[in-house]
Amino acid sequence: MTTVISGKLLSANKRLEMKAQVESFPKKYGRLPKLVVILIGNNPASVSYVTGKENACIEIGILNNTIRLPEETTEAELLKLIDDLNNDSLVDGILVQLPLPKHIDQDSIINAIKPEKDVDGFHPKNVASLYLKQPGILPCTPKGIIEVLDSKNIEIEGKRAVVVGRSNIVGLPVSKLLLDRNATVTIAHSRTKNLSEVCKEADILIAAVGKPLFIKEDMVKEGAVVIDVGVNRNPETGKLCGDVDFENVKDKTSYITKVPGGIGPMTITCLMENTIECFLKHVEE
Ligand code: NDP
């Protein structure tokens with residue numbers, strides 16, 4: 001029997017809890033949390049992600065300011081803006097929507113954000129905290145994946161987990177989080193030999209590849225838990241789809257997430273959680 005885990009429903013419940021929590025902040029701390037999102041240019045995917053973040057802030061009651069800047073914005077201008085926001089005592093979280101135009105060095109920008117306001121968890125200090133098991137801000141998508149597993153009490157300890165993808169924002173950090181929960185983790189990538197066989201060993205299979213319908217039925221063990229992180233366009237239908245061939249894979253799984261409505265909403269929900277976390281540390285400083 002397969003259960004399709006709805007990240008959308010889980011998100012809706014978590015957002016209700018956060019809304020109630022945020023409502024209590026003005027009385028306790030004298031103000032609301034504030035997230036500033038910086039969007040450079042008009043990349044349609046980025047515009048849509050930023051809108052999702054704005055809507056989540058409105059839903060929860062977090063103050064949001066999206067600063068929209070033209071494509072020609074220079075690195076120096078962006079660094080100056082980040083410096084101002086770092087020093088603004090009423091700003092709790094800063095997010096620069098990626099990818100950036102080619103003339104701006106992404107690493108310099110991420111490094112410039114104060115780690116305590118780095119709600120994406122991409123600053124090297126927060127990355128180091130994850131790997132050293134120290135307190136820090138966790139990246140949103142990996143955090144959301146673990147929350148999805150926990151929402152169904154899916155046992156992680158002792159399980160074989162296979163993560164397909166080794167990016168800094170998804171594959172690597174989710175592998176570390178699974179390892180910290182005592183899974184035995186294999187990280188697969190484009191040079192992995194016999195990928196199907198490797199995937200078939202997974203009790204928990206995380207697909208973070210970025211290739212539409214890449215994970216097929218014959219790559220999945222009977223009863224596996226399958227988490228689909230991919231956000232792609234189906235080349236045939238033009239519709240949004242994941243990395244997993246959901247229709248053909250689902251019946252083999254015990255639990256599976258769907259695209260859309262799976263990890264996507266949970267990523268934004270975890271961004272809201274991180275903003276609240278940064279706010280609470282900030283006001284309690
Ligand atoms: P990257 O492109 O940075 O990484 C993709 C990974 O997949 C790489 O490690 C790559 O291997 C591996 N890969 C590519 N081709 C193959 C192959 N044929 N066999 C095995 N492994 C392969 O992507 P991201 O990690 O940033 O994102 C992955 C997907 O998740 C994308 O669809 C993205 O849109 C989506 N995403 C969704 C989010 C959400 O909120 N739902 C958030 C972030 C991302 P190698 O390292 O060897 O090149």
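Mapping of the sequence shown onto this note's numbering: residues 1 to 285, in sequence order.
Glycine is no exception: its CB is placed at the ideal position from the N, C-alpha and C atoms.
Helix, strand or coil at residue i according to DSSP, with G and I counted as helix
i       : result
Gly-158 : coil
Asn-248 : helix
Leu-240 : strand
Gly-121 : coil
Asn-168 : coil
Asp-228 : strand
Ile-146 : helix
Thr-141 : helix
Ile-104 : coil
Asn-153 : coil
Residue i, enclosing beta strand (DSSP E) - first and last residue
i       : result
Leu-271 : Where Leu-271 is concerned, there is no enclosing beta strand (DSSP E), although the alpha helix (DSSP H) it sits in stretches over 263 to 283.
Ala-188 : 184 to 188
Val-220 : No beta strand (DSSP E) contains Val-220, which DSSP labels as neither H nor E.
Ala-207 : 204 to 207
Lys-35  : It is worth fixing the name first, because residue 35 is Leu in this sequence and not Lys. Here the beta strand (DSSP E) through Leu-35 covers 34 to 40.
Ser-254 : 253 to 257
Leu-63  : 63 to 69
Limits of the unbroken alpha helix (DSSP H) element including residue i
i       : result
Arg-15  : 7 to 23
Ile-58  : 44 to 60
Asn-86  : 75 to 86
Val-96  : First-last for Val-96: 93 to 96, but that is the beta strand (DSSP E), not the alpha helix (DSSP H).
Leu-195 : 195 to 200
Whole-Å CB distance - residue i paired with residue j, under 8 Å assumed
i       : j       : result
Lys-125 : Pro-135 : 11 Å between Cβ atoms; not a contact.
Gly-61  : Leu-32  : 6 Å
Gly-261 : Gly-7   : 6 Å
Ile-38  : Ile-58  : Incorrect: roughly 18 Å between the Cβ atoms, too far for contact.
Cys-278 : Ile-104 : The pair is not a contact, with the Cβ atoms about 24 Å apart (cut-off 8 Å).
Leu-98  : Thr-275 : At roughly 17 Å, the Cβ-Cβ gap does not stay under 8 Å, so Leu-98 and Thr-275 are not in contact.
Asn-64  : Glu-54  : 5 Å
Asp-228 : Ile-263 : 7 Å
Pro-212 : Pro-235 : 6 Å
Ala-208 : Val-170 : 4 Å
Val-244 : Ile-206 : Not quite, the Cβ-Cβ distance comes to about 10 Å (not below 8 Å), so this is no contact.
Lys-193 : Val-220 : Lys-193 to Val-220, Cβ: 18 Å. No contact.
Ile-109 : Leu-95  : 11 Å between Cβ atoms; not a contact.
Val-4   : Ile-256 : 6 Å
Item checked: Validate contact between the stretch 221 to 232 and the stretch 184 to 203 using beta carbons, cut 8 Å, 3 pairs -> As far as the Cβ criterion goes, the stretch 221 to 232 touches the stretch 184 to 203, which means the pair count is three or higher.
Item checked: Three or more C-beta pairs below 8 Å linking the stretch 167 to 182 and the stretch 138 to 146 -> yes
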